[in-house]
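Asker: Input: one structure, supplied below.
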Amino acid sequence: MTDALRILYVVHQFVPRHVAGTELYTEHLARGMKARGHHVAVFATEAYHGEPQSTLREKDLDGLRVFEAVHNNAFTDFENSYLDPEKEAQFERVLEEFAPDVVHVQHLCQHSLNDLAIAKRHGLPIVYTLHEFWLLCVHNGWLVRPGYELCAGPEAAACAACAKTCCPAPKAGTGEREWIDAWLARDATVRAALENVDLFVSPSHFLRERFVEAGLIAAEKIIASDNGSPPHTLRRGPHDDADHLRIGFLGTLAEWKGIHVLIEAMNRLGDDEASLELHGVLEYFPQYVERLRDLARHPRISFEGRYDNTRVADILAGIDVLVVPSLWYENSPITIHEAFSSGVPVVASGVGGMAEFVEHEKNGLHFEIGCSDSLFAALRRLIDEEGLLQRLRSSMPVFKTIERDCADQEARYRALLSPR
């Protein structure tokens, strides 16, 4: 084996069209590894309506080699949402053309679970970073039931009922028994596929525990190790005080992010007491954004639109507190890392990875998930309690850099490649 490694990163979708946490982390990791002298490629899916789903594209993204499998969400049935012969054939082609030494999966949604067995047949070590619960949960990997009721974990009848609301129908039919059988088949396929993985990485202890408790991954095969952050998100800009509480949200303007809960709480604050900046793409979920605009009655709520990630530190320098009101558990939200690295406290839903990283009364505040009354009370405290904001600012944690993360990942790759 030569000193430089050939590393293939597999992710469901990729920048620049998709700029959520998993996609951004994959880019940061890939570019960081390239900077260390390794040969790197990314295999992602992308929608190109009008092109057949057997199409495989290749492009250069500012020096990064990217393979794109066309995926237009044209699932034929429930099984096809996790097993896809066309995607498997494309993966085989990528392995042949790039010839990696190691495969590091970031997300397999829109690919095929059989990709893991294919990589293993090629004799490749596999690392799998778990960014959310897709392997456990068919409801977009959120581990929530319809109506955003938090779910404790997989159970056949409940999961089948949930799948019925958000997944293509099983080929066998749409009765209750057919849905249960379909979910059980998926669960068995997931468990068999994961046997091919050499090492799992969980960015949070919370997510690691969920997978171990569900029996999908043996405790000795999964480590908790947070994602690294790039330098531009760790830069602390100048922070000026204002005569009102400046609240911010950064991320995807989507219902599962709970922005409507934030706006409902904001509406109850006085016109001169607070302002709210919402930073995120307005075009991804236009109906939800329209709902938010209709809901926003406070005169100091602004919809700022898409932001360049190199501007994150500057945006955070202009707010006093970041609110993360997600309606699902989250894992290791990149926006929390960015806020803390910029010296900005966080008010977050008190569950999952959010509660793990935001320590209540130390570097932020928790509120009851989905409850605008509870969020309002937390924001009210920041306005009324003298010294609270400054106390929270004084306890910011230090996060791992992407450079350190790359060094850690490289050590894992080399350990798996070493003769045993």
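Using our numbering, the first residue of the sequence shown is number 96, and each one after it goes up by one.
Just so you know, even glycine gets a beta-carbon here, dropped at the ideal spot from N, CA and C.
All values reported here derive from a predicted model rather than from experimental measurement.
Using a 10 Å radius around the Cβ and a threshold of 16 neighbouring Cβ atoms, would you call CYS257 buried or exposed?
Answerer: Residue 257 sits at position 162 when you count from the first residue of the sequence shown. Classification of CYS257: buried, given that the 10 Å Cβ count is 16 or more.
Asker: May I have the straight-line CA-CA distance separating PHE306 from ARG395, to the nearest angstrom?
Answerer: Taking the sequence shown and counting its residues from 1, one reaches residue 306 at position 211. Taking the sequence shown and counting its residues from 1, one reaches residue 395 at position 300. Approximately 42 Å between the Cα atoms of the pair.
Asker: Quick check: LEU340 and LEU477, are their CB atoms within less than 7 Å of each other?
Answerer: Stepping through the sequence shown from its first residue, residue 340 is reached at position 245. Stepping through the sequence shown from its first residue, residue 477 is reached at position 382. Their beta carbons are under 7 Å apart, which means LEU340 touches LEU477 by this criterion.
Asker: Could you give the distance in angstroms between the alpha-carbon of PRO298 and the alpha-carbon of LEU238?
Answerer: Mapped onto the sequence shown, residue 298 falls at position 203. Mapped onto the sequence shown, residue 238 falls at position 143. Distance between the alpha carbons of PRO298 and LEU238 is about 17 Å.
Asker: Could you round the C-beta distance between VAL189 and ILE221 to whole angstroms and report it? I think they count as a contact, below 8 Å.
Answerer: Residue numbering aside, residue 189 sits at position 94 when the sequence shown is read from its first letter. Residue numbering aside, residue 221 sits at position 126 when the sequence shown is read from its first letter. No, VAL189 and ILE221 are not in contact; Cβ-Cβ is about 14 Å, not under 8 Å.
Asker: According to the neighbour-count rule (16 or more other Cβ atoms, all chains shown, within 10 Å of its Cβ), is THR140 buried or exposed?
Answerer: For the purposes of this step, residue 140 is taken as the residue at position 45 of the sequence shown. Buried.
Asker: Any idea if SER513 is buried or exposed, counting beta-carbon neighbours within 10 angstroms, 16 or more meaning buried?
Answerer: In the sequence shown, residue 513 corresponds to position 418, counting from 1. The residue in question, SER513, is exposed, as its Cβ has fewer than 16 Cβ neighbours within 10 Å.
Asker: Go through the region 105-190 residue by residue and report every complete run of the alpha helix (DSSP H) that reaches 4 residues or more, in order.
Answerer: Complete alpha helix (DSSP H) runs here, min 4: 116-130.
Asker: With DSSP collapsed to three states, give me the class of GLY459.
Answerer: Working through the sequence shown from its first residue, we reach residue 459 at position 364. Strand, per DSSP.
Asker: Which same chain residues, not among the five before or five after ALA251, have their C-beta less than 7 Å away from its C-beta?
Answerer: Counted from its first residue, the sequence shown places residue 251 at position 156. Excluding residues within five positions, the ones whose Cβ falls inside 7 Å are ILE275, TRP278 and LEU279.
Asker: Is DSSP giving THR260 helix, strand or coil here?
Answerer: Position 165 of the sequence shown, counted from the first residue, corresponds to residue 260. DSSP places THR260 in helix when its eight states are reduced to three.
Asker: If we count Cβ pairs, one from each stretch, closer than 8 Å, do we get three or more for the region 231-246 versus the region 315-325?
Answerer: No, the region 231-246 is not in contact with the region 315-325.
Asker: Could you tell me whether the Cβ atoms of PRO233 and VAL105 are closer together than 7 Å?
Answerer: Numbered from 1 along the sequence shown, position 138 holds the residue referred to as residue 233. Numbered from 1 along the sequence shown, position 10 holds the residue referred to as residue 105. In the sequence as presented, Pro is not what sits at residue 233; that position holds Val. In this structure, VAL105 does not lie closer than 7 Å to VAL233 by Cβ.
Asker: Keeping to the same chain, check which residues put their C-beta closer than 6 Å to that of GLU368; ignore five residues upstream and five downstream.
Answerer: Stepping through the sequence shown from its first residue, residue 368 is reached at position 273. Excluding positions up to five away in sequence, the list reads HIS339 and ILE478.
Asker: Look at the alpha carbon of LEU231 and the alpha carbon of SER469, and state the distance between them as a whole number of angstroms.
Answerer: Here residue 231 corresponds to residue number 136 of the sequence shown, with the count starting at 1. Here residue 469 corresponds to residue number 374 of the sequence shown, with the count starting at 1. The alpha-carbon atoms of LEU231 and SER469 are separated by roughly 30 Å.
Asker: Is it true that the region 281-295 meets the region 264-272, where meeting means three or more beta-carbon pairs spaced less than 8 Å apart?
Answerer: Short answer: they don't touch.
Asker: Given this structure, state the Cα-to-Cα distance separating GLU183 from SER489, to the nearest angstrom.
Answerer: Here residue 183 is taken as the residue at index 88 of the sequence shown, counted from 1. Here residue 489 is taken as the residue at index 394 of the sequence shown, counted from 1. In a straight line, the C-alpha of GLU183 is about 50 Å away from that of SER489.
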